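Visitor: Just add 1 to wherever you are in the sequence shown, counting from 1, and you've got our numbering.
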Amino acid sequence: MKSFFPTFIASFLGVIAAFALGLFIIILIAITGINQEESYSSDSVLKLNLEEFIPEKTDNIPQESLFTGGPTESLGLRRILDLLNSASSDNKIKGILLENNSISYGQATLLSLMQGLQKFKESGKFIYSYADNHSQSSYLLCSVADSMFLNPQGGVDLRGYGTSIPFFKNMFDKIGIEYNIFYAGNFKSATEPFRLTEMSEYNKLQTRTFLTDMKDIMVENLAKNRKLSQEKIELIMSGYEGRTAKKALQNAMVDELFYKDQLDDFMRAKLGIKEGKKIKYISLSKYNKVAKLNDETGDDKIAIVNAEGEIIYGSNESGIISEKKYLDILTKIRNDKKIKAVVLRVNSPGGNAFSSELIWRELELIKKSGKPLIASFGDYAASGGYYIASGADKIVSQPNTLTGSIGVFMMFPNATKLLNEKIGVNFDTIKTHEFATGFSPFNNLTGREKELLQESTSEIYDLFIERVSKGRKLSIDSTKSIAQGRVWTGRKAIEIGLVDKLGDLNDAIALAAEKAGIKKYSTVEYPFIKDDFLNKIIKK
Numbered sequence: 002m003k004s005f006f007p008t009f010i011a012s013f014l015g016v017i018a019a020f021a022l023g024l025f026i027i028i029l030i031a032i033t034g035i036n037q038e039e040s041y042s043s044d045s046v047l048k049l050n051l052e053e054f055i056p057e058k059t060d061n062i063p064q065e066s067l068f069t070g071g072p073t074e075s076l077g078l079r080r081i082l083d084l085l086n087s088a089s090s091d092n093k094i095k096g097i098l099l100e101n102n103s104i105s106y107g108q109a110t111l112l113s114l115m116q117g118l119q120k121f122k123e124s125g126k127f128i129y130s131y132a133d134n135h136s137q138s139s140y141l142l143c144s145v146a147d148s149m150f151l152n153p154q155g156g157v158d159l160r161g162y163g164t165s166i167p168f169f170k171n172m173f174d175k176i177g178i179e180y181n182i183f184y185a186g187n188f189k190s191a192t193e194p195f196r197l198t199e200m201s202e203y204n205k206l207q208t209r210t211f212l213t214d215m216k217d218i219m220v221e222n223l224a225k226n227r228k229l230s231q232e233k234i235e236l237i238m239s240g241y242e243g244r245t246a247k248k249a250l251q252n253a254m255v256d257e258l259f260y261k262d263q264l265d266d267f268m269r270a271k272l273g274i275k276e277g278k279k280i281k282y283i284s285l286s287k288y289n290k291v292a293k294l295n296d297e298t299g300d301d302k303i304a305i306v307n308a309e310g311e312i313i314y315g316s317n318e319s320g321i322i323s324e325k326k327y328l329d330i331l332t333k334i335r336n337d338k339k340i341k342a343v344v345l346r347v348n349s350p351g352g353n354a355f356s357s358e359l360i361w362r363e364l365e366l367i368k369k370s371g372k373p374l375i376a377s378f379g380d381y382a383a384s385g386g387y388y389i390a391s392g393a394d395k396i397v398s399q400p401n402t403l404t405g406s407i408g409v410f411m412m413f414p415n416a417t418k419l420l421n422e423k424i425g426v427n428f429d430t431i432k433t434h435e436f437a438t439g440f441s442p443f444n445n446l447t448g449r450e451k452e453l454l455q456e457s458t459s460e461i462y463d464l465f466i467e468r469v470s471k472g473r474k475l476s477i478d479s480t481k482s483i484a485q486g487r488v489w490t491g492r493k494a495i496e497i498g499l500v501d502k503l504g505d506l507n508d509a510i511a512l513a514a515e516k517a518g519i520k521k522y523s524t525v526e527y528p529f530i531k532d533d534f535l536n537k538i539i540k541k
């Protein structure tokens, strides 16, 4: 017994020492790896693989742990554009090689990246692209290249835009579940799969219209980038002429059919590298660690508030929008005297109406404090996403942003038929007042309950209309005529008064600076992304 405590203490200290040594080794390896990446050779080529989802702000998605050996960060859109701008004036970077087969982000993000690449080309440096196969979106992005190379056994999946929507009403009818649906806005189509067996004429109209708009924007850009007529691009899509590499080449969709080793030979010849010598590629993630970005100067600040994801009441998770997370941020911005203007960057399909209203209110207080508020739209700024932005002094959108959807809906499932007839479960209820048990899926809604829910839906819709009418300086009747839950592209939205200007985030920042009357400024992005312990140490 006497030897127990000394042995226990020695063992305990040994475990602590082993843990400390292990942690030290991990940090040392990480720091050593970073130091190795802090220099790169002249005659380097920036290799871009832009297939994965790109958040608005760096790390605004769950990231892999350092222990897995995966990337420690997911670069945001603005950061990528800044890196492209830096590379354009970096003497060590001779050009860009795009290696994309498909992409996992929206069309407005794609357009912003394409515009960033076009700006890079103005420096006189080359951009080449290579793919085994191109998805439609990947092809659009890579069409900015000086030359496009495709695997001889590949193809280009260019065929236009289309959508197929599943409808569940018959299935739910069979299993005994009924949905009580309340909505305001004839074009508010989210509930259609639960109440119809096919698309309504309203939904067919809006879907056909915005798909045609997006197709036209794609055709215009492809025709410009590939130096083909728009009619030729339309014929290529109609005949699916990119389905094989040979046909893609015959139709001038690509410039050469190369295997990967032939691409390497081409790149060596372009760079003046001897046969067998290694091409000096640098990835975007590594370039992010070494690039010298143009430092922003000035004591004045412009706040960029990234509102990205679904709007969910009461949540504090990353990748979503909620009043719980954003009200404190917006209050701090309002009270920070160094912040002279605010850019609200919206990339959201919408969500909870109450949370949207609370965020809208705090943004109104920022405006009342005298700080200009400019909204910038990403892939989506629809429904609640448009709600929170509706009061902005100016709204800037990409032409292929999907926006509007000014409408409201509620859905309540009713499982009484399933429980009673299929399973044999029924409920017997006693209550002191008519609405005491709430709106339960285990009881049929009464006529009065349905009236109350429709009234509530209509009241929220009327408030939404009021917010948009006031913010956009439109009459109530005009607002109602363009609302109704209808989805618009950014290009159409500017025609009907929902958007002021076509452009990207940098255009919105410049507009905010102009409205605030400042020329020298720095930007600060919100929300701050929480870092794990090891990444904090490494980044220091």
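In this text, a Cβ means the ideal position worked out from N, Cα and C, and glycines have one as well.
These numbers come from a predicted model, not from an experiment.
1. How is Arg244 classed by DSSP in three states: helix, strand or coil?
2. By a C-beta neighbour count over all protein chains shown, 10 Å radius and 16 as the cutoff for buried, is Tyr402 buried or exposed?
3. Which residue marks the beginning of the beta strand (DSSP E) containing Leu229, and which one marks its end?
4. Going by alpha carbons, who is nearest to Ala132 out of Lys120, Ala249, Gly161, Tyr184?
5. Which of the three DSSP states, helix, strand or coil, is assigned to Val469?
6. Quick check on the DSSP output: what are the complete beta strand (DSSP E) runs of length 3 or more inside the region 64-123, in order along the chain?
7. Could you give the DSSP three-state label for Pro167: helix, strand or coil?
8. Cutting at 6 Å between CB atoms, please list the residues of its own chain near Phe443, excluding the five before and the five after it.
9. Any idea what DSSP makes of Met412, helix, strand or coil?
10. Report the CB separation of Pro77 from Ile55 in whole angstroms; it is logged as a contact under 8 Å.
11. Would you mind sorting Ile510 into buried or exposed? The rule is 16 or more other CB atoms within 10 Å of its CB.
12. Quick one: measure Cβ to Cβ for Leu111 and Leu141, integer angstroms, because I've assumed they're closer than 8 Å.
13. In whole angstroms, give me the CA-to-CA distance for Asn415 and Phe195.
14. Return helix, strand or coil for Phe378, following the three-state DSSP convention.
15. Tell me the DSSP secondary structure of Gly177 in three-state form.
16. Which same chain residues end up closer than 6 Å to Gly352 when comparing Cβ atoms and leaving out the 5 residues on each side of it in sequence?
17. Three-state secondary structure (DSSP) at Gly448?
18. Helix, strand or coil: how does DSSP classify Leu212 here?
19. To the nearest angstrom, how far is the alpha carbon of Asn226 from that of Ile280?
20. Taking buried to mean at least 16 other C-beta atoms within 10 Å of its own C-beta, is Asn101 buried or exposed?
21. Please confirm whether Ala308 and Leu345 have their CB atoms less than 8 Å apart.
22. Span of the alpha helix (DSSP H) holding Ser349?
23. Measuring alpha carbon to alpha carbon, tell me which of Phe169, Ala517, Gly125 ends up nearest Lys338.
24. For Met238, which residues of its own chain have a beta-carbon under 7 Å away from its beta-carbon, when the five flanking residues on both sides are left out?
25. Is the region 417-431 close to the region 139-158, with three or more CB pairs under 8 Å?
26. Measuring only the C-alpha atoms, how far is Asn507 from Gly299?
27. Which residues in the same chain have their Cβ closer than 7 Å to the Cβ of Ala146, if we skip the five residues on either side of it in sequence?
28. Among the residues of its own chain, which have a CB less than 6 Å from the CB of Ala88, if the five just before and after it don't count?
29. Can you check whether the CB of Val397 is closer than 8 Å to the CB of Phe211?
30. Under a three-way DSSP split, which group does Glu490 fall into?
31. Between Leu366 and the rest of its own chain, which residues show a CB-CB distance below 7 Å, the 5 nearest in sequence each way excluded?
32. I'd like the span of the alpha helix (DSSP H) that includes Glu358, first residue to last.
33. Kindly list the residues whose CB is nearer than 6 Å to the CB of Lys372, restricted to its own chain and excluding five residues on each side of it in sequence; keep chain order.
34. What residue range is occupied by the uninterrupted beta strand (DSSP E) comprising Met149?
35. Identify the residues that DSSP records as bridge partners of Val426: which are they?
36. According to DSSP, simplified to helix, strand and coil, what is Ser479?
Guide: Inspection of the coordinates gives the following:
1. For this step, residue 244 is matched to residue 243 along the sequence shown. Coil.
2. For this step, residue 402 is matched to residue 401 along the sequence shown. Rather than Tyr, the amino acid found at residue 402 in this sequence is Thr. So Thr402 ends up on the buried side.
3. The count along the sequence shown starts at 1 and reaches residue 229 at position 228. First-last for Leu229: undefined, no H or E at that position.
4. Stepping through the sequence shown from its first residue, residue 132 is reached at position 131. Closest option to Ala132, Cα to Cα, is Ala249.
5. As a working note, residue 469 is residue 468 in the sequence shown. Correct three-state label for Val469: helix.
6. The qualifying runs are 94-100.
7. For the purposes of this step, residue 167 is taken as the residue at position 166 of the sequence shown. Of the three classes helix, strand and coil, the one that applies to Pro167 here is coil, per DSSP.
8. In the sequence shown, the residue the question calls residue 443 occupies position 442. Once the five neighbours on either side are set aside, the close Cβ partners of Phe443 are Phe428.
9. In the sequence shown, residue 412 corresponds to position 411, counting from 1. Note: Met412 maps to strand in three-state DSSP.
10. Here residue 77 is taken as the residue at index 76 of the sequence shown, counted from 1. Here residue 55 is taken as the residue at index 54 of the sequence shown, counted from 1. The residue you asked about is not Pro; residue 77 is Gly in the sequence shown. With 8 Å as the limit, Gly77 and Ile55 qualify as a contact, their Cβ atoms being about 7 Å apart.
11. In the sequence shown, counting from the first residue as 1, residue 510 sits at position 509. Ile510 should be labelled buried.
12. Sequence index remark: in the sequence shown, residue 111 carries index 110 (1-based). Sequence index remark: in the sequence shown, residue 141 carries index 140 (1-based). Sure, about 6 Å apart at Cβ, within 8 Å.
13. Along the sequence shown, read from residue 1 onward, the residue named residue 415 stands at position 414. Along the sequence shown, read from residue 1 onward, the residue named residue 195 stands at position 194. C-alpha separation (whole angstroms): 12 Å.
14. Stepping through the sequence shown from its first residue, residue 378 is reached at position 377. Reduced to three states, the DSSP call for Phe378 is strand.
15. Start at 1 with the first residue of the sequence shown, and residue 177 comes out as number 176. DSSP, reduced to helix, strand and coil, places Gly177 outside both helices and strands of the structure shown, so it counts as coil.
16. Position 351 of the sequence shown holds residue 352. Cβ neighbours of Gly352 beyond the five flanking positions: Glu311, Ile312, Ile313, Gly385.
17. In the sequence shown, counting from the first residue as 1, residue 448 sits at position 447. Of the three classes helix, strand and coil, the one that applies to Gly448 here is helix, per DSSP.
18. On the sequence shown, residue 212 is found 211 positions in, with the first residue counted as 1. When secondary structure is reduced to three states using DSSP, Leu212 falls in the helix class.
19. The residue given as residue 226 occupies position 225 in the sequence shown. The residue given as residue 280 occupies position 279 in the sequence shown. Spanning the two alpha carbons is a distance of roughly 27 Å.
20. Residue numbering aside, residue 101 sits at position 100 when the sequence shown is read from its first letter. Buried is the label assigned to Asn101, since at least 16 other Cβ atoms lie within 10 Å of its Cβ.
21. To locate residue 308, count along the sequence shown from 1; it is residue 307. To locate residue 345, count along the sequence shown from 1; it is residue 344. Yes. Within cutoff.
22. Within the sequence shown, residue 349 is the residue found at index 348, counting from 1. Segment 340-349 is the beta strand (DSSP E) holding Ser349; no alpha helix (DSSP H) there.
23. As a first step, residue 338 is located in the sequence shown; it is residue number 337 there, counting from the start. Cα-wise, what sits closest to Lys338 is Ala517.
24. Here residue 238 refers to the residue found at position 237 of the sequence shown. Scanning its chain for C-beta atoms nearer than 7 Å, with the 5 sequence neighbours on each side dropped, one finds around Met238 the residues Leu159, Arg160, Gly161, in chain order.
25. Touching, no.
26. For this step, residue 507 is matched to residue 506 along the sequence shown. For this step, residue 299 is matched to residue 298 along the sequence shown. Their Cα atoms are separated by approximately 17 Å.
27. As a position in the sequence shown, residue 146 is number 145, starting the count at 1. Counting only Cβ-Cβ distances below 7 Å, and skipping sequence neighbours, we find Leu99, Ile128, Tyr129, Ser130.
28. Residue mapping note: residue 88 aligns to position 87 of the sequence shown, counting from 1. Closer than 6 Å at the Cβ level, and outside the excluded window around Ala88, lie Leu47, Ile94.
29. By one-based count along the sequence shown, residue 211 stands at place 210. By one-based count along the sequence shown, residue 397 stands at place 396. Going by C-beta atoms, Phe211 is not nearer than 8 Å to Val397.
30. On the sequence shown, position 489 is the one that residue 490 refers to. It is Thr, not Glu, that sits at residue 490 in the sequence shown. Looking at Thr490 - three-state DSSP - the assignment turns out to be strand.
31. Along the sequence shown, one-based indexing puts residue 366 at 365. Arg335, listed in sequence order.
32. Here residue 358 is taken as the residue at index 357 of the sequence shown, counted from 1. Per DSSP, Glu358 belongs to the alpha helix (DSSP H) from 354-369.
33. Reading the sequence shown from its first residue, position 371 is the one you call residue 372. Closer than 6 Å at the Cβ level, and outside the excluded window around Lys372, lie Ala342, Val343.
34. To locate residue 149, count along the sequence shown from 1; it is residue 148. Under the DSSP assignment, Met149 falls in the beta strand (DSSP E) whose first and last residues are 148-151.
35. As a first step, residue 426 is located in the sequence shown; it is residue number 425 there, counting from the start. Looking at the DSSP assignment, Val426 forms no beta bridge with any residue, so it has no partner.
36. Along the sequence shown, read from residue 1 onward, the residue named residue 479 stands at position 478. Three-state result, Ser479: helix.
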